[in-house]
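In UniProt numbering, the protein residues as written are 1 to 955.
The C-beta atom is built at its ideal place from N, Cα and C for all residues, glycine as well.
As structure tokens, the structure follows; a few thoughts come after it.
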């Protein structure tokens with residue numbers, strides 16, 4: 001049967017047209033119940049004898065939740081005790097459009113056969129399809145469609161001989177519930193139903209605390225007895241109209257890590273170099289915004305503009321019932337000359353709430369009620385007020401909490417307990433928190449993914465030899481960090497008869513094993529990148545590929561994608577070629593082993609000779625890059641020596657870079673540039689490229705001020721001018737100054753981004769840091785999905801493979817790039833957090849005295865860099881009562897801090913004592929005390945009379 005939907009819509013040109021859409025109705029859609037004798041085919045999705053734990057109904061029954069119940073209570077519905085649940089198509093479609101996290105979670109449950117959740121397509125069933133009445137709202141029509149489906153199920157199951165299975169509607173909507181009762185349906189609120197499941201009292205803690213103060217149009221109201229703490233949000237219709245007229249602006253809210261009273265709204269997206277940001281300061285202006293929300297902002301009059309404070313402020317409230325909104329804005333007042341574009345949040349367009357990891361804050365009063373404050377691990381998320389009867393038990397646990405609502409009369413958002421992760425401080429628990437907080441996909445690979453892997457033993461066939469170039473005789477080797485098992489790349493160099501050099505970069509041919517449209521391809525695209533923690537690796541692809549079949553291990557035959565150049569002795573490229581190959585690496589070396597071969601003049605084997613040629617050519621290539629304006633920046637990286645039994649860190653040291661590190665880097669860069677040019681020639685509209693936008697000149701202000709502290713004028717007009725300024729900025733008495741200045745420069749940079757060539761003009765392809773007009777990622781397909789796509793594009797370009805629709809669709813490529821940019825950024829943050837975690841474990845129960853440098857000077861603190869450990873820690877000034885008699889004077893122009901005649905300047909060397917402050921269990925942090933220079937009443941005595949770490953001097 002076919003029915004027609006008639007509706008009107010407005011075209012882009014503004015005219016109104018009538019549209020007719022055919023809607024197919026069927027009689028053969030199964031109800032899904034194993035007890036049913038009426039449907040044409042048997043089904044086992046819903047059990048014939050469902051076990052129910054509710055005291056509300058004596059007979060066995062199936063549950064049908066409405067849309068809002070699923071959205072708000074998915075954490076409870078996701079519990080294994082809930083089985084035999086019917087999800088209507090009406091509900092599923094509404095959730096898909098309204099709440100993607102709940103939709104994804106629901107799809108997971110639906111795919112689990114053990115849960116007996118059944119998706120019933122009521123919108124295409126002839127007897128349950130519900131036509132919308134004239135003047136009826138979409139919400140009322142959907143409620144009626146849900147009731148009609150419940151009624152049909154109720155009558156349908158009665159027809160089955162001997163069946164006493166009932167159907168129960170779960171809804172929190174009073175009007176919908178009342179109509180359901182009038183129609184003779186079994187209906188309960190979700191909380192009523194859960195409360196009746198007395199065998200599972202813990203479910204009560206997971207019930208979402210829904211804010212019923214908010215109407216569908218976005219209008220809010222509060223009880224007359226409630227104290228209003230925040231401004232009312234504008235109505236959605238008013239927000240939409242104001243956005244069109246430009247009265248309001250829309251953007252993504254980014255909360256400050258250092259000051260809970262501040263944040264920014266990025267109008268063009270925080271990763272966009274052209275984005276405009278609006279500064280938000282004060283709780284009332286923040287108006288219940290949570291980090292990541294899409295908000296509507298009203299620009300304040302210029303006389304109300306302000307600027308970021310130099311203070312570090314934490315929310316130190318401990319009482320969940322204290323709803324006072326602190327007026328700390330007096331602390332934040334700045335001079336008028338420093339004011340920047342400021343605004344106030346007037347509405348939230350889209351909440352970006354997710355489950356948050358953290359722990360309960362100990363109650364301020366012993367024996368306090370069941371209300372607690374939850375302290376998220378992510379500093380940028382506000383505390384969350386939850387109610388739980390397990391408070392005492394959960395105080396020592398890492399837990400997950402979801403936000404439900406944030407009423408105007410509540411100091412904090414309200415939420416509910418979701419699950420417990422484990423004891424605070426246990427490495428497995430803390431690693432789990434890191435992965436969840438950074439949204440790292442880390443579950444074991446599914447059976448569907450593993451089924452895509454080749455069978456063992458894997459061998460090279462005659463068919464493979466027919467389509468690949470056999471170069472197993474060439475002296476190829478790989479050079480990687482110690483312990484590397486996912487070896488992406490290998491190199492070779494040999495002298496040709498004409499006096500030139502043949503240089504080859506050989507990259508693991510991952511795209512041979514990961515074919516488009518397969519489960520393993522979808523999983524790799526979703527994960528986007530391999531994530532490296534201190535003690536483990538979260539692979540993008542299964543280990544059989546990452547550490548075996550795709551890893552270019554020594555003396556093993558492997559498939560590769562090769563780039564070969566013919567070069568002159570001065571590294572001029574005469575010709576390039578790209579082809580699929582079969583290689584056999586002659587050695588898998590570490591950077592140190594490769595360096596030893598190069599330096600040992602007694603060695604002259606093929607591998608060593610190849611390495612020496614590669615190293616000499618790499619030096620020329622690097623000089624050419626730097627002469628073109630490429631930047632050499634710096635960051636602090638450390639490595640841990642681990643105990644073999646406990647896996648605890650027993651030593652930490654700064655990573656030492658050798659010539660071979662630079663050698664490999666130069667040829668990987670060259671391969672990426674060569675491949676970028678080739679795929680763009682073939683696919684000008686859909687090549688996957690990587691750009692690095694030039695930073696806004698205003699971003700360089702910290703660098704310019706830092707240079708002036710030592711009398712250097714930093715030219716930031718172009719990348720080349722900046723590179724030359726950095727090279728010239730050296731101080732004889734402080735050799736580490738130049739490294740620190742480059743660290744400051746690194747923080748001024750924009751994020752490098754993947755993009756589809758067809759969505760931007762060629763002028764925006766430029767990579768600022770590398771000073772090249774076009775660039776991509778080709779050399780790490782085991783650990784980056786971007787490289788897999790680039791391999792496919794290059795394979796098509798050279799005729800080694802065929803294309804497919806999404807590969808040549810610029811919009812789909814850009815959507816993929818957006819996910820890759822997000823995954824890459826989250827992986828970086830997660831890796832840094834892992835280093836931070838293990839640093840805390842290393843310093844546990846220790847007090848260490850160390851040499852460091854002042855990297856930044858704040859109004860109430862110093863940011864101190866400890867080079868040996870790669871740590872940047874905060875040394876607070878005037879933060880302890882015992883030191884209140886020591887008054888530091890802050891000079892913002894310097895910037896300097898001074899006390900008792902001692903002046904502390906940026907980049908000054910200091911000696912500090914470091915230990916872990918355990919008073920805040922959630923956010924344990926490294927605490928510094930100043931030893932030298934000695935400031936009476938503030939500095940502490942050295943641990944010993946000898947200079948600290950004399951044998952490991954870093955200055």
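Around the beta-carbon of residue 580, 16 or more other beta-carbon atoms lie within 10 Å, marking it buried. Pairing residue 156 with residue 26 gives a Cβ-Cβ distance that is not under 7 Å. Between residue 507 and residue 561, the gap from beta carbon to beta carbon is short of 7 Å. The three-state reading of DSSP puts residue 814 in helix, counting H, G and I together. Residue state for residue 692 is assigned as strand, using DSSP reduced to three classes. The count of Cβ pairs closer than 8 Å, one atom from the region 80-92 and one from the region 54-70, reaches three, so the stretches are in contact. Checking the DSSP bridge columns, you'll see residue 915 partnered with 927. Counting only the Cα atoms, residue 831 lies some 35 Å from residue 893.
The beta carbon of residue 243 is closer than 7 Å to those of 250 and 296 in its chain, skipping five residues each way along the sequence. In the displayed model, residue 907 falls within coil according to three-state DSSP, outside both helix and strand. Proximity of the region 745-762 to the region 678-696 meets the contact definition, three or more beta-carbon pairs being nearer than 8 Å. For the 7 Å CB-CB criterion, residue 914 and residue 928 form a contact.
Within a 10 Å sphere around the beta-carbon of residue 75 sit 16 or more other beta-carbons, which makes this residue buried. Distance check between residue 666 and each of 715, 731 and 489 places 489 closest, using alpha-carbon atoms only.
Residue 663 counts as buried, since no fewer than 16 other beta carbons sit within 10 angstroms of its beta carbon. In this structure, DSSP gives residue 893 a state outside helix and strand, which the three-state scheme calls coil. A distance below 7 Å separates the beta carbons of residue 797 and residue 682. One thing to note: residue 440 has its Cβ within 7 Å of the Cβ of residue 531.
Distance check between residue 303 and each of 283, 268 and 340 places 340 closest, using alpha-carbon atoms only.
Contact between residue 306 and residue 279 holds, with the beta-carbon distance rounding to 7 Å and staying under 8 Å. According to DSSP, residue pairing for residue 85 in a beta bridge involves 63 and 117. Taking a cut-off of 8 Å on C-beta distances, the region 734-748 touches the region 714-726, as three or more cross pairs fall below it.
Residue 403 is not a Cβ neighbour of residue 418, given a cutoff of 7 Å. Residue pairing of residue 452 in beta bridges, as defined by DSSP: absent, with no partner found.
Boundaries for residue 50: no alpha helix (DSSP H) harbours it, and the DSSP string shows neither H nor E there. Between residue 60 and residue 176, the alpha-carbon positions lie close to 23 Å from each other.
Of all alpha-carbon atoms in 127, 82, 396 and 96, the one lying nearest the alpha-carbon of residue 115 is that of 82. With contact defined as three or more Cβ pairs closer than 8 Å, the region 493-500 and the region 777-793 are not in contact.
Exclusion of the five residues before and after residue 287 leaves 230, 231, 233, 344, 345 and 346 as the residues of its chain whose Cβ lies within less than 8 Å of its Cβ.
Distance check between residue 447 and each of 433, 432, 109 and 520 places 520 closest, using alpha-carbon atoms only.
Residue 887 sits in coil when the DSSP states are folded into three classes, being neither helix nor strand.
Taking the CA atoms as reference points, residue 205 sits about 34 Å from residue 137. Residue 255 is positioned such that its CB atom lies closer than 7 Å to that of residue 291. Judged by DSSP secondary structure, residue 850 falls within the beta strand (DSSP E) whose first and last residues are 848-857.
As the crow flies, the alpha-carbon of residue 52 is around 15 Å from that of residue 33.
By a beta-carbon distance limit of 8 Å, residue 352 does not contact residue 313. Their separation comes to about 23 Å.
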